[in-house]
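One structure below.
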Amino acid sequence: MQKVFTRPRSLKDIPTHYCPGCTHGIVHRLVAEVIDELDIFDRTIGVAPVGCSVFAYNYFDCDMFQASHGRAPAVATGIKRVLPDRVVFTYQGDGDLAAIGTGEIVHAAARGEKFTVIFINNAIYAMTGGQMAPTTLLGQKTTTTPYGRDKEVNGYPVKIAEMLSVLDGTAYVARVSVHDPASVVKAKKAIKRAFEVQLAGLGFSLVEVLSACPTNWGLPPVEALKWLAENMIPYYPLGEYKKPAEVG
5 MQKVFTRPRS LKDIPTHYCP GCTHGIVHRL VAEVIDELDI FDRTIGVAPV
55 GCSVFAYNYF DCDMFQASHG RAPAVATGIK RVLPDRVVFT YQGDGDLAAI
105 GTGEIVHAAA RGEKFTVIFI NNAIYAMTGG QMAPTTLLGQ KTTTTPYGRD
155 KEVNGYPVKI AEMLSVLDGT AYVARVSVHD PASVVKAKKA IKRAFEVQLA
205 GLGFSLVEVL SACPTNWGLP PVEALKWLAE NMIPYYPLGE YKKPAEVG
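Note that my numbering has the sequence shown beginning at 5, numbered continuously upward.
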(Lines of atoms letter the chains of each structure in order from A and count residues from 1; the text may use other names and numbers.)
(Lines give C-alpha, C1' and ligand atoms only; values in the text may rest on other atoms or scores of the structure.)
Protein backbone atom coordinates (compact mmCIF):
# COMPACT_ATOMS: atom_id res chain seq x y z
CA MET A 1 0.00 0.00 0.00
CA GLN A 2 1.34 3.44 -0.95
CA LYS A 3 1.91 5.87 1.88
CA VAL A 4 0.38 9.28 1.22
CA PHE A 5 1.06 10.87 4.62
CA THR A 6 3.95 10.16 6.94
CA ARG A 7 6.28 11.74 9.46
CA PRO A 8 8.75 14.22 7.95
CA ARG A 9 12.34 13.04 7.89
CA SER A 10 13.38 16.15 9.81
CA LEU A 11 11.21 15.26 12.84
CA LYS A 12 12.25 12.53 15.26
CA ASP A 13 9.80 9.71 15.88
CA ILE A 14 9.28 10.45 19.58
CA PRO A 15 6.40 11.82 21.71
CA THR A 16 6.52 15.53 22.58
CA HIS A 17 5.91 17.07 26.00
CA TYR A 18 3.36 19.62 24.81
CA CYS A 19 -0.07 19.94 26.44
CA PRO A 20 -3.17 18.59 24.65
CA GLY A 21 -4.31 21.12 22.07
CA CYS A 22 -1.01 23.00 22.01
CA THR A 23 -0.22 24.06 18.46
CA HIS A 24 3.58 23.87 18.78
CA GLY A 25 3.38 20.38 17.31
CA ILE A 26 1.65 21.66 14.18
CA VAL A 27 4.31 24.31 13.62
CA HIS A 28 7.10 21.80 14.25
CA ARG A 29 5.69 19.62 11.51
CA LEU A 30 5.37 22.52 9.08
CA VAL A 31 8.99 23.54 9.61
CA ALA A 32 10.13 19.93 9.18
CA GLU A 33 8.09 19.48 6.00
CA VAL A 34 9.62 22.63 4.53
CA ILE A 35 13.14 21.46 5.39
CA ASP A 36 12.42 18.15 3.66
CA GLU A 37 10.81 19.71 0.58
CA LEU A 38 13.67 22.16 0.09
CA ASP A 39 16.16 19.30 0.53
CA ILE A 40 18.22 21.25 3.07
CA PHE A 41 18.20 18.74 5.93
CA ASP A 42 21.94 18.04 5.82
CA ARG A 43 22.87 21.72 6.13
CA THR A 44 20.17 23.07 8.44
CA ILE A 45 20.94 24.27 11.98
CA GLY A 46 18.13 25.22 14.35
CA VAL A 47 18.41 27.31 17.51
CA ALA A 48 16.07 26.37 20.36
CA PRO A 49 14.75 28.97 22.84
CA VAL A 50 13.89 28.97 26.51
CA GLY A 51 10.16 28.41 26.94
CA CYS A 52 7.66 25.68 26.11
CA SER A 53 9.66 24.77 23.00
CA VAL A 54 12.94 24.53 24.89
CA PHE A 55 13.11 20.83 23.98
CA ALA A 56 12.87 21.53 20.25
CA TYR A 57 16.39 20.10 19.98
CA ASN A 58 14.88 16.73 20.92
CA TYR A 59 12.20 16.90 18.24
CA PHE A 60 13.92 18.25 15.14
CA ASP A 61 16.37 15.75 13.68
CA CYS A 62 18.67 18.35 12.15
CA ASP A 63 21.58 19.94 14.00
CA MET A 64 20.28 22.03 16.90
CA PHE A 65 21.82 24.51 19.33
CA GLN A 66 20.36 25.58 22.67
CA ALA A 67 20.44 29.34 23.33
CA SER A 68 20.07 31.24 26.58
CA HIS A 69 16.74 32.97 27.19
CA GLY A 70 16.13 35.53 24.46
CA ARG A 71 19.55 35.12 22.86
CA ALA A 72 18.65 32.86 19.95
CA PRO A 73 19.10 35.66 17.36
CA ALA A 74 22.63 36.36 18.65
CA VAL A 75 23.48 32.66 18.51
CA ALA A 76 21.98 32.35 15.03
CA THR A 77 23.99 35.39 13.91
CA GLY A 78 27.21 33.75 15.04
CA ILE A 79 26.40 30.44 13.39
CA LYS A 80 25.36 31.98 10.07
CA ARG A 81 28.36 34.31 9.87
CA VAL A 82 30.84 31.53 10.62
CA LEU A 83 29.03 28.98 8.45
CA PRO A 84 27.32 31.05 5.72
CA ASP A 85 26.52 27.96 3.65
CA ARG A 86 24.25 26.59 6.39
CA VAL A 87 20.51 27.23 6.62
CA VAL A 88 19.89 28.65 10.09
CA PHE A 89 16.58 29.15 11.87
CA THR A 90 15.47 30.13 15.36
CA TYR A 91 12.27 28.86 16.94
CA GLN A 92 11.07 31.29 19.63
CA GLY A 93 8.04 32.08 21.76
CA ASP A 94 6.68 35.51 22.64
CA GLY A 95 8.32 35.62 26.07
CA ASP A 96 11.67 34.59 24.64
CA LEU A 97 11.58 36.84 21.57
CA ALA A 98 9.35 39.78 22.50
CA ALA A 99 10.39 40.27 26.14
CA ILE A 100 13.89 39.34 27.27
CA GLY A 101 15.04 39.00 23.65
CA THR A 102 13.55 42.22 22.23
CA GLY A 103 16.91 43.89 21.72
CA GLU A 104 18.38 40.77 20.14
CA ILE A 105 15.62 40.38 17.56
CA VAL A 106 15.38 44.07 16.67
CA HIS A 107 19.08 44.46 16.01
CA ALA A 108 19.42 41.14 14.16
CA ALA A 109 16.62 42.30 11.88
CA ALA A 110 18.12 45.78 11.51
CA ARG A 111 21.46 44.25 10.50
CA GLY A 112 19.75 42.08 7.92
CA GLU A 113 21.16 38.86 9.35
CA LYS A 114 20.49 36.11 6.85
CA PHE A 115 18.63 33.59 8.99
CA THR A 116 14.96 32.70 9.50
CA VAL A 117 12.87 33.16 12.64
CA ILE A 118 9.78 31.14 13.50
CA PHE A 119 8.01 33.22 16.16
CA ILE A 120 5.23 31.60 18.18
CA ASN A 121 2.71 34.11 19.55
CA ASN A 122 0.26 32.54 22.01
CA ALA A 123 -0.29 35.78 23.97
CA ILE A 124 0.97 34.40 27.27
CA TYR A 125 3.97 33.11 29.21
CA ALA A 126 3.11 29.43 29.07
CA MET A 127 5.99 27.43 30.54
CA THR A 128 6.29 29.51 33.72
CA GLY A 129 2.63 29.48 34.71
CA GLY A 130 0.55 31.76 32.53
CA GLN A 131 1.82 35.26 33.28
CA MET A 132 1.18 38.28 31.04
CA ALA A 133 3.44 38.40 27.99
CA PRO A 134 4.29 41.37 25.77
CA THR A 135 1.70 39.98 23.34
CA THR A 136 -1.13 39.50 25.89
CA LEU A 137 -4.28 41.21 24.62
CA LEU A 138 -5.99 44.12 26.36
CA GLY A 139 -8.51 42.71 28.82
CA GLN A 140 -6.96 39.24 28.71
CA LYS A 141 -6.74 37.59 32.11
CA THR A 142 -3.47 35.96 33.18
CA THR A 143 -1.93 35.03 36.51
CA THR A 144 -0.34 38.49 36.72
CA THR A 145 -3.34 40.35 35.25
CA PRO A 146 -6.26 38.61 37.02
CA TYR A 147 -8.62 41.47 36.10
CA GLY A 148 -7.38 41.68 32.52
CA ARG A 149 -4.55 43.57 30.89
CA ASP A 150 -4.98 47.29 31.46
CA LYS A 151 -3.36 49.67 28.97
CA GLU A 152 -2.92 52.32 31.67
CA VAL A 153 -0.91 49.93 33.84
CA ASN A 154 0.57 47.37 31.45
CA GLY A 155 0.71 49.21 28.15
CA TYR A 156 -0.35 47.83 24.80
CA PRO A 157 0.46 44.43 23.24
CA VAL A 158 3.55 44.45 21.03
CA LYS A 159 3.00 43.82 17.32
CA ILE A 160 6.28 42.19 16.30
CA ALA A 161 5.53 41.64 12.60
CA GLU A 162 4.55 45.26 12.06
CA MET A 163 7.49 46.57 14.09
CA LEU A 164 10.16 44.55 12.29
CA SER A 165 8.73 44.94 8.80
CA VAL A 166 9.70 48.63 8.65
CA LEU A 167 13.39 47.91 9.24
CA ASP A 168 15.60 48.08 6.18
CA GLY A 169 17.34 44.81 7.04
CA THR A 170 14.20 42.69 6.89
CA ALA A 171 13.50 40.92 3.62
CA TYR A 172 10.39 38.90 4.50
CA VAL A 173 7.93 39.27 7.38
CA ALA A 174 4.59 37.49 7.64
CA ARG A 175 1.97 36.66 10.25
CA VAL A 176 0.00 33.43 9.96
CA SER A 177 -2.19 31.24 12.15
CA VAL A 178 -2.77 27.53 12.70
CA HIS A 179 -6.31 27.61 14.05
CA ASP A 180 -7.90 25.71 11.14
CA PRO A 181 -6.76 23.56 8.18
CA ALA A 182 -6.86 26.37 5.61
CA SER A 183 -4.72 28.55 7.86
CA VAL A 184 -2.24 25.71 8.37
CA VAL A 185 -1.78 25.44 4.60
CA LYS A 186 -1.13 29.19 4.36
CA ALA A 187 1.25 29.03 7.32
CA LYS A 188 3.35 26.40 5.59
CA LYS A 189 3.58 28.53 2.43
CA ALA A 190 4.84 31.48 4.48
CA ILE A 191 7.40 29.36 6.34
CA LYS A 192 8.65 27.93 3.05
CA ARG A 193 8.92 31.42 1.58
CA ALA A 194 10.91 32.59 4.61
CA PHE A 195 13.43 29.78 4.10
CA GLU A 196 13.59 30.53 0.37
CA VAL A 197 14.43 34.16 1.20
CA GLN A 198 17.35 32.92 3.27
CA LEU A 199 18.49 30.53 0.54
CA ALA A 200 18.48 33.47 -1.88
CA GLY A 201 20.63 35.50 0.53
CA LEU A 202 18.12 38.37 0.60
CA GLY A 203 18.25 39.18 4.31
CA PHE A 204 16.37 38.58 7.55
CA SER A 205 13.09 36.65 7.42
CA LEU A 206 10.46 36.08 10.13
CA VAL A 207 7.14 34.29 10.31
CA GLU A 208 4.94 35.07 13.30
CA VAL A 209 2.52 32.22 14.03
CA LEU A 210 -0.60 32.86 16.11
CA SER A 211 -0.93 29.80 18.31
CA ALA A 212 -3.22 28.39 20.98
CA CYS A 213 -2.39 27.68 24.62
CA PRO A 214 -5.46 25.87 26.00
CA THR A 215 -3.86 25.08 29.38
CA ASN A 216 -2.96 28.64 30.35
CA TRP A 217 -5.98 30.18 28.63
CA GLY A 218 -8.17 27.86 30.69
CA LEU A 219 -10.07 26.59 27.65
CA PRO A 220 -10.68 23.21 25.99
CA PRO A 221 -8.58 22.80 22.84
CA VAL A 222 -11.44 23.39 20.38
CA GLU A 223 -12.60 26.49 22.26
CA ALA A 224 -9.02 27.76 22.38
CA LEU A 225 -8.83 27.68 18.58
CA LYS A 226 -12.08 29.64 18.40
CA TRP A 227 -10.76 32.16 20.92
CA LEU A 228 -7.64 32.65 18.81
CA ALA A 229 -9.70 33.32 15.69
CA GLU A 230 -12.15 35.65 17.41
CA ASN A 231 -9.73 37.59 19.62
CA MET A 232 -6.15 37.38 18.40
CA ILE A 233 -6.61 37.76 14.64
CA PRO A 234 -8.54 41.05 14.89
CA TYR A 235 -5.66 42.58 16.86
CA TYR A 236 -2.90 40.73 15.01
CA PRO A 237 -4.03 40.77 11.33
CA LEU A 238 -2.71 37.96 9.17
CA GLY A 239 -0.74 38.54 6.00
CA GLU A 240 2.64 39.22 4.46
CA TYR A 241 3.98 42.48 5.83
CA LYS A 242 7.11 42.55 3.70
CA LYS A 243 7.95 40.47 0.66
CA PRO A 244 10.86 40.67 -1.78
CA ALA A 245 10.07 40.68 -5.47
CA GLU A 246 12.79 38.08 -6.06
CA VAL A 247 10.83 35.36 -4.27
CA GLY A 248 7.48 35.99 -5.97
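A virtual CB, placed ideally from N, CA and C, is assigned to each residue, including glycine.
Beta-bridge pairing of residue i - partner residues as DSSP gives them
i, result
"I124", "G97, V213"
"F119", "Paired residues: none, contrary to the question."
"D67", "I49"
"Y129", "Q135"
"V58", "Answer by DSSP bridge pairing: none, since V58 is not bridged."
"F208", "T174"
Where residue i falls: helix, strand or coil (DSSP)
i, result
"L15", "strand"
"E244", "strand"
"L142", "strand"
"R33", "helix"
"V110", "helix"
"V38", "helix"
beta-carbon residue i near the ligand MN non-hydrogen atom, thresh 7 Å
i, result
"S181", "Because no ligand of any kind appears in the structure shown, any question about the ligand MN cannot be addressed here."
Residue span of the alpha helix (DSSP H) that contains residue i, given as start and end
i, result
"S181", "First-last for S181: 174-181, but that is the beta strand (DSSP E), not the alpha helix (DSSP H)."
"Q202", "185-203"
"T219", "218-221"
"S169", "164-169"
"G82", "76-86"
"V157", "155-158"
"V226", "225-231"
Unbroken beta strand (DSSP E) run spanning residue i, endpoints
i, result
"I49", "48-52"
Distance between beta carbons of residue j and residue i, contact taken as under 8 Å
i, j, result
"L15", "D67", "No, L15 and D67 are not in contact; Cβ-Cβ is about 14 Å, not under 8 Å."
"I124", "H28", "7 Å"
"V211", "A228", "Going by Cβ atoms, the distance from V211 to A228 rounds to 21 Å, so no, they are not a contact pair."
"S215", "N126", "4 Å"
"G82", "P225", "About 38 Å; that fails the 8 Å criterion."
- Would you call the region 227-246 and the region 170-190 touching, i.e. three or more CB-CB distances under 8 Å? Cβ pair count under 8 Å is three or more, so yes.
- Any 3 or more C-beta pairs closer than 8 Å across the region 88-108 and the region 41-60: yes
- Query: Okay, do the region 98-110 and the region 136-143 touch, 3+ Cβ pairs below 8 Å being the bar?
  - Reply: yes
- Query: Does the pairing of the region 100-112 with the region 65-85 give three or more beta-carbon distances under 8 Å?
  - Reply: yes
- Message: For the region 200-215 against the region 147-158, do three or more pairs of beta-carbon atoms, one drawn from each stretch, fall closer than 8 Å, so that the two count as touching?
- Response: no
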